[in-house]
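Protein chains in written order, with my numbering: chain A, 916 to 1352; chain B, 603 to 1071. Shown next, in structure tokens, is the structure this report addresses.
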């Protein structure tokens, strides 16, 4: 009949007889006739495997393959070949949420490892089993802060936050009746004085900063956590996961909640998703955390075993009183990150971070040498930086596209360039040559 | 399954001095990261060679059960076959390497796929527009409710903050409403398992001007088609509310009904259920939201780009493969499979609501409960026989709910074998109940101690080490 439908005519007859219907239509006899769909769907005819491949190939060829210097939350990092291979293991790929622990130890085991690795990376105590992406993880952190506070509904957000994240925060805040106050940008960074002044007004549940910030600048958050805690507000840091391999961690800055996107840990850019959001917190906040959490326990044979735990926080038990409406995690992408971190280890992560840092600083130096670019802010950056351009920035952007270069993200007066370990010196020299024209 | 030999954590396989990566040399010269930026404490990540990593995760996978492993009748989750072709398409580098902020003219192929999927979903649902921003089903529910909230706000209708949800609904419905800042009004079910119209009329009379929407899962979580939908839609529309269709159970409607034709204004679809994208152990999914003409301006910004694009690619490959003529068979075959199991087991399992079901149905445990064998025991015993368990203890309408959904991909032989095992377990429950109560016996681990896990949470390797000290 069809490759995904195993029913032969004999099967159909035997089954319909058992059910007591004469034809398949009778299965829906209870549905009022006037709401039945009787026509043909406006869809193409069934396509063979070869034809489906052709469609995708034709469309694929309509995309332009570019050498990527764009970042702003999504980075073109290297993916070890081991990862996509292991992720195609269908026991991982085609299973569902590990409700039946006895036949889901594979999933539960790697989520436990994921949680362990993310707490190491962020310097925090606890991690959940992952979230959709970095922006929604940040929104969940915002709601968690408000829920953890006592009758407070204001959240302070750095002006140096990625505008794409900020838009998502605004959406959630509107419906949840959370007031967002955006802190001013002071020479490309967040000012502690502004934070203190806003906190002093009272009613603040949390303060959200971003590291590195939207301009790629590595900020100094000395005193931020203390200022927050004095006013009983939570300190929330949103960071690019891979950068935490070397940067001072949210834990070291005294953050209560660490969130961000894990895409930088070897996940392809794939036009926006799927990625994975991470969320870590202090031990004190564990019962306020949204999402799944895997814990260690024993089975009735005395063996070490893993299981979904602390489920009393979740929607399937608590319904409208749950900490979040989140149902599943982003499991397979958490596995992606777990295998990446297993392969890279702390040394590999550091090495990749150093390469990215060196490549970005080399590109920046070379661009400045052309005389057409200036750094927008004289501040330390990691692998992403904002330069102003003295010519027609749109024209340059298009010129780069024409020769197969995604020349960063266009930002007001110039460009936000990001460099990862994937970019070679030759590629960067080529970009500089075009930018110098 | 290798739990004994390969049950280590990756951390326990680590040995300083090993590595599992190779990176290019640094040709950029001396750019040193200033120490003022750097973390003081190193991340204690494992140090492993490549084969150790590959073997570890390969062996972990064998402690798992997927649709490719065996029959997975997990009710309400639509564990259908995930075609391999879809995986091949989603991995194409021409799409995988696209940065989401690339200019439009460089991503024409990707945009065309999104457009194709939107048109296809409109054709299948009778709605006019879709947003692909939601990352999952629950995210779709939230997006749909935000759309509704935005619509009422735009009209200055600020009092509409209550959402009617049936008592049989998935837990995400009330939870999503709460995240959206809305209150829940629960409407009862009748003894037949459908929305109680009288109770609904009472709610509408009491709360009319405050009602933002009614959320319905259809077929509902008992697998029953809500036959009063036209009357319900009229009641809700007349009082100024909108109708929300939770598409979690859309699969049996393919080829049968379209939510847009039944009076629904907003819906979400779980691409990982109805459109065959893999569940991946709990994600990534995709939860696109569709609306009738005029509501698309109220879509909220719930994520930065256009959602889980690679998941959408798989759904496109599925729809292209089946085409208009084959996709029509999905609903009827899924429904036939469910009814066939139900009819073959209802003499030994308690069927609280008799009659035709759609894609799934719910037993209220064993018919003969005299030996104390529970739904939990039946579920665990099924694992011994190489089946995934059905959904258990949901919906909350019955004490011993056992919810079975076979999907359209399963053959009569598979169903017959499952039915035989279910009957055998019912027999064992009478003759050898202890064997069932202590199940599973043939799995890598036995029943786990949930209470210990929750009372004394150990959720990281570091905590495990600290605990041992």
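Where a beta carbon is used, it is the ideal one built from N, C-alpha and C, also for glycine.
1) Name the chain A residues that come within less than 9 Å of residue 664 of chain B, Cβ to Cβ?
2) Between residue 1199 of chain A and chain B, is any beta-carbon pair separated by less than 8 Å?
3) Return no unless some Cβ of chain A is closer than 8 Å to the Cβ of residue 782 of chain B.
4) On the CB-based measure, 16 or more other CB atoms within 10 Å of its CB, does residue 1310 of chain A come out buried or exposed?
5) Since residue 1010 of chain A and residue 883 of chain B should fall inside the 8 Å C-beta cutoff, what is the C-beta to C-beta distance between them, to a whole number of angstroms?
6) On the DSSP bridge assignment, give the partners of residue 768 of chain B in chain order.
7) Could you check if residue 1286 of chain A is buried or exposed, using at least 16 other CB atoms within 10 Å of its CB as the buried criterion?
8) Residue 913 of chain B touches chain A at which residues, Cβ-Cβ below 9 Å?
9) Could you tell me the alpha carbon to alpha carbon distance between residue 1253 of chain A and residue 615 of chain B, rounded to whole angstroms?
10) Would you say residue 1162 of chain A and residue 625 of chain B are within 8 Å of each other, going by their C-beta atoms?
11) Would you say residue 1075 of chain A and residue 1123 of chain A are within 8 Å of each other, going by their C-beta atoms?
12) Any Cβ of chain B within less than 8 Å of the Cβ of residue 1215 of chain A?
13) Taking all protein chains shown into account, do 16 or more other C-beta atoms lie within 10 angstroms of the C-beta of residue 1301 of chain A, making it buried, or fewer, making it exposed?
14) In the structure shown, what three-state DSSP assignment does residue 1277 of chain A receive?
15) Evaluate residue 1008 of chain B with the Cβ neighbour count: other Cβ atoms within 10 Å of its Cβ, from every protein chain shown; 16 or more gives buried, anything less gives exposed.
16) Please report the straight-line C-alpha distance between residue 603 of chain B and residue 908 of chain B, rounded to a whole angstrom.
17) Looking at the strands, I want to know which residues DSSP matches up with residue 1325 of chain A.
18) Beta-carbon within less than 6 Å of residue 1335 of chain A's beta-carbon, same chain only, minus the 5 sequence neighbours each way: which residues are those?
19) Quick check: what's the CA-CA separation for residue 843 of chain B versus residue 765 of chain B?
20) Contact between the segment 994-1004 of chain A and the segment 1242-1256 of chain A: three or more CB pairs below 8 Å?
21) Can you list the beta strand (DSSP E) stretches of 3 or more residues lying completely in the segment 1104-1155 of chain A, in chain order?
22) Taking 6 Å as the limit between beta carbons, can you name the residues of its chain near residue 1229 of chain A, skipping five residues before and five after?
23) Which runs of the alpha helix (DSSP H) spanning at least 4 residues fall entirely within the segment 993-1039 of chain B, listed in chain order?
24) DSSP puts residue 763 of chain B in a beta bridge; with which residues?
25) Would you call the segment 1017-1031 of chain A and the segment 1200-1217 of chain A in contact, with 3 or more CB pairs under 8 Å?
26) Here's the rule I'm using: 16 or more other beta-carbon atoms within 10 Å means buried, otherwise exposed. How should residue 1053 of chain B be labelled?
27) Which residue's Cα is closest to the Cα of residue 705 of chain B: A:946, A:1316, A:1147 and A:940?
28) Please classify residue 1176 of chain A as buried or exposed, where buried requires at least 16 neighbouring CB atoms within 10 angstroms.
29) Can you determine whether any heavy atom of the ligand ADP sits closer than 7 Å to the C-beta of residue 837 of chain B, and answer yes or no?
30) Beta-carbon of residue 971 of chain A versus every beta-carbon of chain B: anything under 8 Å?
31) In the DSSP assignment, what are the bridge partners of residue 869 of chain B?
32) Compare the Cα-Cα distances from residue 1200 of chain A to each of A:1178, A:1151, A:1223 and A:1186 and report the closest residue.
33) Do you know how far the Cα of residue 1338 of chain A is from the Cα of residue 751 of chain B?
34) Would residue 926 of chain B and residue 921 of chain A be called neighbours here (beta carbons separated by less than 8 Å)?
35) For residue 966 of chain B, which of helix, strand or coil comes out of DSSP?
36) Quick one: what does DSSP say residue 603 of chain B is sitting in, helix, strand or coil?
Short version:
1) Within 9 Å Cβ-Cβ: 1004, 1006 and 1021.
2) It does not; no Cβ of chain B falls within 8 Å.
3) With 8 Å as the cut-off, residue 782 of chain B counts as an interface residue toward chain A.
4) Residue 1310 of chain A is exposed by the Cβ-count criterion.
5) That pair is a contact at about 5 Å.
6) The partner list for residue 768 of chain B (beta bridge, DSSP) reads B:789.
7) With a 10 Å radius around the Cβ and a threshold of 16 neighbouring Cβ atoms, residue 1286 of chain A comes out exposed.
8) The contacting residues are 1188 and 1189.
9) In a straight line, the C-alpha of residue 1253 of chain A is about 14 Å away from that of residue 615 of chain B.
10) No; because the gap between Cβ atoms is not below 8 Å, this pair is not in contact.
11) Contact annotation: residue 1075 of chain A and residue 1123 of chain A have beta-carbon atoms that are not nearer than 8 Å.
12) Taking Cβ atoms only, chain B reaches closer than 8 Å to residue 1215 of chain A, which makes this a yes.
13) It counts as buried.
14) If DSSP states are grouped into helix, strand and coil, residue 1277 of chain A belongs with the helices.
15) The residue in question, residue 1008 of chain B, is buried, as its Cβ has 16 or more Cβ neighbours within 10 Å.
16) The predicted position of residue 603 of chain B is uncertain, since its pLDDT is 42 and thus under 50; no value can be drawn from it.
17) Partner(s): A:1330.
18) Within the same chain, Cβ atoms closer than 6 Å to the Cβ of residue 1335 of chain A are found at 990, 991, 992 and 1271, the five residues on either side in sequence being excluded.
19) CA-to-CA, the gap between residue 843 of chain B and residue 765 of chain B works out to about 9 Å.
20) Contact holds: three or more Cβ-Cβ distances are below 8 Å.
21) Counting only runs of 3 or more residues that sit fully inside the segment 1104-1155 of chain A, the beta strand (DSSP E) segments are 1119-1126 and 1149-1154, in chain order.
22) Same-chain partners within the cutoff: 1237.
23) Counting only runs of at least 4 residues, the segment 993-1039 of chain B fully encloses the following alpha helix (DSSP H) elements, listed from N- to C-terminal order: 1014-1033 and 1035-1039.
24) According to DSSP, which records beta bridges pairwise, residue 763 of chain B is partnered with nothing at all.
25) Counting Cβ pairs under 8 Å, three or more are found: they touch.
26) Residue 1053 of chain B should be labelled exposed.
27) Among A:946, A:1316, A:1147 and A:940, the Cα nearest to that of residue 705 of chain B is on A:1316.
28) Around the CB of residue 1176 of chain A, 16 or more other CB atoms lie within 10 Å, so the residue is classed as buried.
29) Here there are no bound small molecules, and the ligand ADP is not part of this structure.
30) Yes, because at least one Cβ of chain B sits closer than 8 Å to the Cβ of residue 971 of chain A.
31) Bridge partners of residue 869 of chain B according to DSSP: B:847 and B:892.
32) Considering only alpha carbons, the answer is A:1151.
33) Distance from the CA of residue 751 of chain B to the CA of residue 1338 of chain A, rounded to the nearest whole angstrom, comes to 46 Å.
34) No, they are not a contact pair.
35) Note: residue 966 of chain B maps to strand in three-state DSSP.
36) Only weak support exists for where residue 603 of chain B lies, its pLDDT of 42 falling under 50; the coordinates are left without a value.
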